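Following: one structure in structure tokens, then a few remarks.
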Amino acid sequence: MPAYQDYIAKSQVAEAFTLADGLKTSIGTNRQSGTCFADGAAAASTEDVAKGKYNPDKIMGKYGTATILQDGTGKTLVCGIHYQFNKTGVSNLLVSKEIVLKLDEASGTLKMENMGGKTNGVENRYLPSAFKKPS
Numbered sequence: 001m002p003a004y005q006d007y008i009a010k011s012q013v014a015e016a017f018t019l020a021d022g023l024k025t026s027i028g029t030n031r032q033s034g035t036c037f038a039d040g041a042a043a044a045s046t047e048d049v050a051k052g053k054y055n056p057d058k059i060m061g062k063y064g065t066a067t068i069l070q071d072g073t074g075k076t077l078v079c080g081i082h083y084q085f086n087k088t089g090v091s092n093l094l095v096s097k098e099i100v101l102k103l104d105e106a107s108g109t110l111k112m113e114n115m116g117g118k119t120n121g122v123e124n125r126y127l128p129s130a131f132k133k134p135s
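Start counting the sequence shown at 1; every next residue gets the next number (the numbering used here).
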């Protein structure tokens, strides 16, 4: 049974990286306005996606929600993505856990790194190979 639980957790973690990839594209566009957020905003939009409104800074998935993060301003501006797993309807190994991805501006890739007061809480064994921390 533990192997099956690990498999379920890994498949649910994959959603975080799929949603993050979509937000990474948005960040690239937003950076042209000097911010990580849509329309040059200083913070993530709070549009109520539950009522059918489009929120350009947040994507709600089946197992959690991905939101754009920002640290710094101007030349020290760093963008990233925070994925928060739901409290229900998700593997008990992931309930309320977080994944934090920082965007490397030079390469355009995402990497696991704490930022914006958010920390990674998902065990290494559930992460895709490209994001696992060295043992």
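Here a beta-carbon is modelled for each residue, glycine too, at the ideal position from N, C-alpha and C. Just so we're clear, the structure is a prediction, and the values are computed from it rather than from any experiment.
- The residue from 103, 121, 28 with its alpha-carbon nearest to that of residue 84 is 121.
- For residue 66, the pairing in a beta bridge is given by DSSP as 59, 83.
- Taking C-beta separations shorter than 7 Å and ignoring five residues to either side along the sequence, the partners of residue 86 in its chain run 63, 64, following chain order.
- At a Cβ-Cβ threshold of 8 Å, residue 66 and residue 19 count as neighbours.
- Taken through DSSP and simplified to helix, strand or coil, residue 98 comes out as strand.
- According to the DSSP secondary-structure assignment, residue 109 is paired through a beta bridge with 104.
- In the DSSP assignment, residue 78 forms a beta bridge with 71.
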